[in-house]
Amino acid sequence: MGRGRVELKRIENKINRQVTFSKRRNGLLKKAYELSVLCDAEVALIIFSSRGKLYEFGSAGITKTLERYQHCCYNAQDSNGALSETQSWYQEMSKLRAKFEALQRTQRHLLGEDLGPLSVKELQQLEKQLECALSQARQRKTQLMMEQVEELRRKERHLGEMNRQLKHKLEAEGCSNYRTLQQHAAWPAPGGTIVEHDGATYHVHPPAHSAAMDCDPTLQIGYPHHQFLPSEAANNIPRSAPGGENNFMLGWVL
Numbered sequence: 056m057g058r059g060r061v062e063l064k065r066i067e068n069k070i071n072r073q074v075t076f077s078k079r080r081n082g083l084l085k086k087a088y089e090l091s092v093l094c095d096a097e098v099a100l101i102i103f104s105s106r107g108k109l110y111e112f113g114s115a116g117i118t119k120t121l122e123r124y125q126h127c128c129y130n131a132q133d134s135n136g137a138l139s140e141t142q143s144w145y146q147e148m149s150k151l152r153a154k155f156e157a158l159q160r161t162q163r164h165l166l167g168e169d170l171g172p173l174s175v176k177e178l179q180q181l182e183k184q185l186e187c188a189l190s191q192a193r194q195r196k197t198q199l200m201m202e203q204v205e206e207l208r209r210k211e212r213h214l215g216e217m218n219r220q221l222k223h224k225l226e227a228e229g230c231s232n233y234r235t236l237q238q239h240a241a242w243p244a245p246g247g248t249i250v251e252h253d254g255a256t257y258h259v260h261p262p263a264h265s266a267a268m269d270c271d272p273t274l275q276i277g278y279p280h281h282q283f284l285p286s287e288a289a290n291n292i293p294r295s296a297p298g299g300e301n302n303f304m305l306g307w308v309l
């Protein structure tokens, strides 16, 4: 009669559990050693008991085998990550290409090209889009024209203000020039004078009645001295007017 199949479950008896752990641990370590020798395999075995005691076996060393394991795992993760990133970029490129083609079709439709495949509903949507675009273009054109008109009005007001300032300045300078001319005309030089004001030359002539006042006669006091001279010397005295009475030397001055 053969042995029955042992049911795998936790051994409740503490002593039996400890004995079974020792036997099977030794058998597992032996099998690991045999596997490494018979198959030339790199085997590493780590066992922790229920009390936390460590048991290990490594055909090439536990540390070396663990480093090799970590290196293989990280390389696999990097490969998977690179593959996943490549697939993500490919999907993104496919989406962008489809969007670009859709935009090109929309542009051709807006230009009135390739309208054959469109349905009535799509043509109505296209018509609404064109009407909306036309309305926005008109609004923008009106806005620009209003801004230009406002700018021209502002320039007009500025030029008008400058014109008024120049007009006031010219009127003030004209009044000043007129007063200057009046002052020079009140005391004219004999034979007229030349007046310069602000780069302009004005000819001022004296009145006609001033010609009689050009020669101021000398007041006669006493007798003329030529009466006491010989007749020949008295006749040679220079005279500025007929009669020779205006130019003579006073006797008492000598």
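For the numbering used here, count along the sequence shown from 1 and bump the result up by 55.
From the three backbone atoms N, C-alpha and C, an ideal C-beta is built for every residue, glycine too.
No experiment lies behind these values; they were computed from the predicted model shown.
Straight-line spacing of the CA atoms in S190 and Q198 works out to 12 Å. In terms of CA proximity to K108, Q73 leads the group G116, C128, Q73 and L221. By the neighbour-count definition (other C-beta atoms within 10 Å, threshold 16), H126 is an exposed residue. Pairing F112 with A153 gives a Cβ-Cβ distance that is not under 7 Å.
Fewer than three pairs of CB atoms, one per stretch, sit closer than 8 Å, so the segment 140-154 makes no contact with the segment 116-123. G107 sits in coil when the DSSP states are folded into three classes, being neither helix nor strand. Residue environment analysis places L100 among the buried positions, since at least 16 neighbouring C-beta atoms fall within 10 angstroms of its C-beta.
Measuring C-alpha to C-alpha distances from T120 to each of S91, S105 and S104 identifies S91 as the nearest.
In the DSSP assignment, the residues bridged to I101 are E111. Just so you know, the alpha carbons of S105 and L84 end up roughly 17 Å apart. With contacts defined by Cβ atoms closer than 7 Å, H164 and L181 form a contacting pair. Rounded to whole angstroms, the Cβ separation of R80 and Y110 is 6 Å, and the two are in contact under 8 Å. Secondary structure of S174 (DSSP, three-state): coil. Straight through space, the alpha carbons of Q146 and L166 are spaced by roughly 31 Å.
Unbroken alpha helix (DSSP H) runs of no fewer than 4 residues, entirely contained in the segment 143-220, are not found.
Taking R160 as the centre and dropping the five residues before and after it, the same chain places the C-beta of D169 closer than 8 Å to its C-beta, in chain order.
Shown here, G116 sits in coil according to DSSP, grouped into three states, outside any helix or strand. Going by DSSP, N71 is part of the alpha helix (DSSP H) stretching over K69 to C94. Within the same chain, and ignoring the five residues on either side of A96 in sequence, the residues whose Cβ sits closer than 8 Å to its Cβ are L90 and S114.
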